[in-house]
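Report on the following structure.
Number of protein chains: 2
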Amino acid sequence: MKIDLLITNCAVLPVPGRETLITPGFVAIGFSKILLAGPMAECPAAGTGTVLDGQGQLALPGLVNGHCHAPMTLFRGLADDLDLATWLYGHIFPAEARQVNPEMVYWCSKLAAAEMLLSGTTTVADGYFLEDEVARACAETGLRCVAAQAVIDFPAPGAEDPKRNIEVAACFLERWQGRDPLITPAVFAHSPYTCTNTTLRRAKELTRKFQVPFFIHAAETKEEHKQIAEPLAPTPIGHLEALGILDRDTVCAHCVWANERDLDCLAERGASVVTCPQSNAKLASGQAPLTPLLQRGLRVALGTDSAASNNSLDLFREMDFAAKIHKINPCNPVAIPARRLLEIATWGGADALALGAGQGTLTPGAPADLILVDLQQPHLQPFHSPNLLVYSRAAADVRTVIVNGQLVVANRKLLTIDLRETCRQVRKLAGG
Amino acid sequence: MKIDLLITNCAVLPVPGRETLITPGFVAIGFSKILLAGPMAECPAAGTGTVLDGQGQLALPGLVNGHCHAPMTLFRGLADDLDLATWLYGHIFPAEARQVNPEMVYWCSKLAAAEMLLSGTTTVADGYFLEDEVARACAETGLRCVAAQAVIDFPAPGAEDPKRNIEVAACFLERWQGRDPLITPAVFAHSPYTCTNTTLRRAKELTRKFQVPFFIHAAETKEEHKQIAEPLAPTPIGHLEALGILDRDTVCAHCVWANERDLDCLAERGASVVTCPQSNAKLASGQAPLTPLLQRGLRVALGTDSAASNNSLDLFREMDFAAKIHKINPCNPVAIPARRLLEIATWGGADALALGAGQGTLTPGAPADLILVDLQQPHLQPFHSPNLLVYSRAAADVRTVIVNGQLVVANRKLLTIDLRETCRQVRKLAGG
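Protein chains in written order, with my numbering: chain A, 249 to 680; chain P, 249 to 680.
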C-alpha cells in the first residue's frame, strides 16, 4: 500500500448517512484513490507519503453538485425576485445574447469552480454553451466536472446555426472523451420546450453512441407542458418517455411538476433526477416531490442550479434548505432527515450522475475526492451530530479540499489558480 | 463633530431596503452613535479619531435577531428531525432539567453571543431562565441584548417554586434596568399553554410597570390552542387578546397559526411579531403568514430561535430562507423580495422590539451598531446588488463588527472574550 497522502487524527464520516463518525480516525490516499479510512488505532505508516494532521477537523467525501450552469455566475444577482419566464426571457436570455463568448465562459466558470471548491464541492455536473471553456476552467481549477454541451433550437453561442447543434455536441464529446481524468463529457438538451422532438431524439442518440450522460431540464414550471411545440403526452416527463429518451443515463433536472405517473415512469426507466430546491423556490417554480421520488428508489442528486437563480453555489446551504422545506408542507418533521441529505449530496448524487462505483464515499478504491471541515468554529459547538453539517452553516468551514488525490484547497486557500485575478476578470466582464 | 472612529472607502447601505448603495462611502462614529454616513466626497476629517480603511467592504447596520434562547446552544444537534412536542417534552425539557444552571447559562450564552457577532448580528432578543447570566455573558461579549427573564408555571431553574416566578422576574428587571448600555431587561412568558391566565396577566402587569417589552411564544403549532388550560377564545392570539395582553410592547414569537382575525387583532393592538421560519420548518410547525402580516403593516422581526431547533444563529441564512420559502406556496416570486428581508433583519426588527429610534440604520444619532462585509469573496462576485447579502451566504464574510461604537470583531477575530476557552467550557458541559 503506497501512500501518497495520509490524513491523521481527524474525525471521519466514510459513507455519509450510512456509517457513523469514526473519531479519531485517518484517511490514506494513493494513486488518486482512497486506500483506506478507519480509526487511528489502525492507521498505517505513511512511508514516503505526506502527512496532514487533521486534528479538530472532520473528513468526509466531497459534495456532488448535480446541476449547474457555471458561466451564469456572471449574472449573480442581476435579476432577482422574478418568475422563471420573466427572468429567462426578459433578463437572462438577452444578457446571454450580449455577453456569452469563450472568454466569458472561461473566466466565469473558473470563478464558479473556485466558489464550489471553497465550499466543499468536488464534483459538478454543468451544462452550458461553449462547454469546452467550462471543462478547461474546471480542469485547471481542479474541480471534477461532468461537462455537458448544451443543445437548443435557437441560435446559441458556438452553434449560431441551430441545425448544427448536434454536430457541435458530437465534436465536443470527441474532443473530451478520455482527455482529462477530471472531465466527463456529456450532452445537455436544454428542455422539451426549447428543443424540437427531432433534436431531442438526435441528442439522445448521440449520447447513446458515446455512452455518456444525457441531461435535460424537465417539468420545472407548471406552464412548461403548454410551451412544448409538438407535445406527445400531457406532461413533459410523458413527452420524454414518448420520445424514448428516458433511461439510466438520462438525468432530469428539477421535476417539480412530475405527477405520480411521471414518477412511476422515471422509476421504471431508471432515469435519475436532480432537485434544485433553492432555485425552484426563488423563481417560485414550486417544490419537487422529493419524498415520493425517494420512496420510489429513484437516484436523486442535489443541485444549486446557476448562481443567477440561487444566488450561490453552496451545496451545504442547499442541503439545509432541502431538509427544511420538505418538512413544512406535509407537516412532517421526519420527512427527510439531515442524514438523508448528506447521502444525496455525496454518494447518492454521484450515483445519480452515473459516476464510478464508490464515488462520493471514502471507501477503498473510490476516487480520492474529499474535504476536511473545521469543527472548532463556534457555530459547530457542541458537535452532537453530523447533522450539523446540514443544519448549521459549514461551507466556510471547509479548510482542505482534495480532488482526485490532489490537494486543491489548503487552509482555505485555493492552490490551483489566481483567485484575485479571476475575480478581477469577472468583475470586468460584469462591467464593474 | 468629534469623531472616535471613521470608516473610509467602503460601500455603505445606510437604511437597508430603502436606500441604495453609496460607493465609495464613509461612516463616522462618535459618542457610541452614528454621526454621519455618506459618499467619500463628503467625508469629514478624522481629527484625533481612529481611521479604519473599508476598501472592498460593505458597511451596513448590524442585524437584529428577534428571538433566541442563547443557553440552548448546548443542545445544538442533540435532537434533530422531531416534531415540537417530542422534541420539547422528550428531549429538551429533560436535558434542561439535568443541565441548566448558572454556569451552563453563562458559558453557552457567551458561545451564542460569539456566534451571533461573528455572523453579523449586533442585537439579540433573548428569553430564558437565569437570564442574569445571559445578560452578563452578552454584556461581556459586546452583544446588545434585550434580555427577557422567563416565566413559566413549572418548577424552573432559578424559580423552583413557580409561585415565585413573577417575583423572580421583578427582581431581574430591578437588577438590570439602567445598569448596562447594552442590556434592556424584559420578561418572557413562555406560552399560553405553559402559563396560567393569572401568570400571564401578572407578567404583563409587571412589564407595564417597568415599561419593558413582554415576549411570548404564541400560535407556534397547530395543536397549541388545545393545550391551553383555560382558553378564553378559540385561538392562542384570541386568548392573549381576551387577557388584555396585546399592546405595542408585546412581542409574539412565531404566529404560525394566526388566522385572519388574529392578524387583524395584532394589527389593531400594535403588537409585534417575530417570525422564525427555519425553526418552524425544522420542527414542521408550519409557515407563518408573513405576507399578510406585512400587508397589515405589523412590525415584524426575524429570529433564529435557539440553536437547538435551527441549528445555527446565523441571521443571514434566516433572511435567505425566509425570502425563498414565502415564494413557494403562493407561487409568487415577488412575494417578499430580498430587500424587504434586509429591512426586517435591521431597522424593521429593531422597531418590532421597540428599540430606540434609528436603531438598525446608519442614520445620524442611531446607536453605532454596524458590520462590514467582505465583498471580495468569490461567492459575492460580481456584486450586482445588495440582494446578494440575502441570496448568497454572507455570514462568514462579516469581517468587522461594531456595537455601541466599540470594535468587537476585527478581521473576523472576536476581541472581547477568549473564544477558545468558551468553546472548551461548552464542550465540557456537553460531555465532550
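In this text, a Cβ means the ideal position worked out from N, Cα and C, and glycines have one as well. Here the structure is a predicted model, which means the values were calculated and not measured.
Where residue i falls, given that 16 or more other Cβ within 10 Å makes a residue buried
i	result
Phe462(P)	buried
Val312(P)	buried
Pro405(A)	buried
Leu511(P)	buried
Leu480(A)	exposed
Gln629(A)	buried
Phe279(P)	exposed
Met320(P)	buried
Met567(P)	buried
Phe420(A)	buried
Pro615(P)	buried
Ala477(A)	exposed
Met364(A)	buried
Arg565(P)	buried
Val582(P)	exposed
Gln459(P)	exposed
Asp301(P)	exposed
Whole-number beta carbon distance between residue j and residue i, since they are thought to touch under 8 Å
i	j	result
Thr442(A)	Ile414(A)	Incorrect: roughly 14 Å between the Cβ atoms, too far for contact.
Pro262(A)	Thr594(A)	With 8 Å as the limit, Pro262(A) and Thr594(A) do not qualify as a contact, their Cβ atoms being about 10 Å apart.
Ala285(P)	Ala318(P)	Their Cβ separation, rounded to whole angstroms, is 30 Å, which puts Ala285(P) and Ala318(P) out of contact at 8 Å.
Leu200(P)	Cys671(P)	No information on residue 200(P) is available, as it lies outside the stretch 249 to 680 that chain P covers here.
Ala466(P)	Leu491(P)	Their Cβ separation, rounded to whole angstroms, is 11 Å, which puts Ala466(P) and Leu491(P) out of contact at 8 Å.
Ile619(A)	Val646(A)	5 Å
Asn528(A)	Ala515(A)	Actually they are not in contact, since the Cβ atoms of Asn528(A) and Ala515(A) sit about 21 Å apart, beyond 8 Å.
Ser367(P)	Asp562(P)	5 Å
Leu351(A)	Ile665(A)	The identity of residue 351(A) in the sequence shown is Glu, whereas the question assumes Leu. Incorrect: roughly 16 Å between the Cβ atoms, too far for contact.
Of the residues the options, the one placed nearest residue i, counting alpha carbons only
i	options	result
Leu531(P)	Leu542(P), Asn559(P), Val521(P) and Ala549(P)	Asn559(P)
Gly314(A)	Gly551(A), Ala616(A) and Leu667(A)	Gly551(A)
Gln305(A)	Val504(A), Gly486(A), Ile573(A) and Pro272(A)	Pro272(A)
Leu308(A)	Ile485(A), Ala333(A), Thr446(A) and Thr268(A)	Thr268(A)
Ile277(A)	Ile665(A), Val674(A), Arg660(A) and Gln654(A)	Gln654(A)
Ala434(A)	Arg450(A), Ala417(A) and Arg427(A)	Ala417(A)
Thr370(P)	Gln624(P), Tyr337(P) and Ala598(P)	Ala598(P)
Leu538(A)	Ala556(A), Leu561(A), Glu508(A) and Asp562(A)	Glu508(A)
Leu601(A)	Asp495(A), Tyr337(A) and Pro525(A)	Asp495(A)
Leu546(A)	Ala658(A), Gly534(A), Cys500(A) and Arg587(A)	Cys500(A)
Asn635(P)	Val651(P), Leu603(P), Arg588(P) and Lys411(P)	Arg588(P)
Asp497(P)	Lys676(P), Gly302(P), Ala396(P) and Ile255(P)	Ala396(P)
Glu265(P)	Glu471(P), Ser439(P) and Pro585(P)	Before going on, a small fix: residue 265(P) reads as Gly here, not Glu. When only C-alpha atoms are compared, the closest one is Pro585(P).
Phe436(A)	Ala398(A), Leu603(A) and Arg427(A)	Ala398(A)
Three-state secondary structure (DSSP) of residue i
i	result
Leu322(A)	helix
Asp512(P)	helix
Asn635(A)	coil
Phe463(P)	strand
Gln673(P)	helix
Thr268(A)	coil
Asp568(P)	helix
Leu300(P)	strand
Arg456(A)	helix
Pro342(A)	helix
His438(P)	coil
Cys503(A)	coil
Val649(A)	strand
Ala403(A)	Before going on, a small fix: residue 403(A) reads as Pro here, not Ala. In this structure, Pro403(A) counts as coil in the three-state DSSP scheme.
Lys358(A)	helix
Val657(P)	strand
Gly679(A)	coil
Gly314(A)	strand
Pro482(P)	coil
Closer than 7 Å between beta carbons: that is the criterion. Which residues of the stretch 529-545 of chain P meet it against chain A? Residues of the stretch 529-545 of chain P with a C-beta atom less than 7 Å from some C-beta of chain A are Ala529, Lys530, Leu531, Ala532, Gly534 and Gln535, listed in chain order.
Interface positions of the stretch 621-635 of chain P facing chain A (Cβ-Cβ less than 9 Å), listed along the chain: Listed by position along the chain: Gln624, Gln625, Pro626, His627, Leu628, Gln629, Pro630, Phe631, His632, Ser633, Pro634 and Asn635.
Tell me which residues of the stretch 314-333 of chain P have at least one Cβ-Cβ distance to chain A shorter than 9 Å, keeping chain order. When CB distances to chain A are screened at a threshold of 9 Å, the residues of the stretch 314-333 of chain P falling below it are Thr321, Leu322, Phe323, Arg324, Gly325, Leu326, Ala327, Asp328, Asp329, Leu330, Asp331 and Leu332, in chain order.
Using a Cβ-Cβ cut-off of less than 7 Å, list which residues of the stretch 568-582 of chain P approach chain A; keep chain order. Per Cβ criterion, the list reads Phe569, Lys572, Ile573, Lys575, Ile576, Cys579, Asn580, Pro581 and Val582.
Along the stretch 654-678 of chain A, what residues have a CB closer than 7 Å to any CB found in chain B? Of the protein chains in this structure, namely A and P, none is chain B.
Going along the chain, which residues of the stretch 400-413 of chain P sit with their C-beta nearer than 9 Å to a C-beta in chain A? Hits within the stretch: zero.
Give me the subset of the stretch 361-395 of chain A whose CB atoms are less than 8 Å from a CB atom of chain P, sorted by chain position. If you check each beta-carbon in the stretch 361-395 of chain A against every beta-carbon of chain P, the ones closer than 8 Å belong to Ala362, Glu363, Leu366 and Ser367.
At a CB distance below 7 Å, what residues from the stretch 639-650 of chain P approach chain A? Give them in sequence order. Residues of the stretch 639-650 of chain P whose Cβ lies closer than 7 Å to any Cβ of chain A, in chain order: Tyr639, Ser640, Arg641, Ala643 and Ala644.
When you check each C-beta in the stretch 582-594 of chain P against every C-beta of chain A, which residues fall closer than 8 Å? Result list: Val582, Ala583, Pro585 and Ala586.
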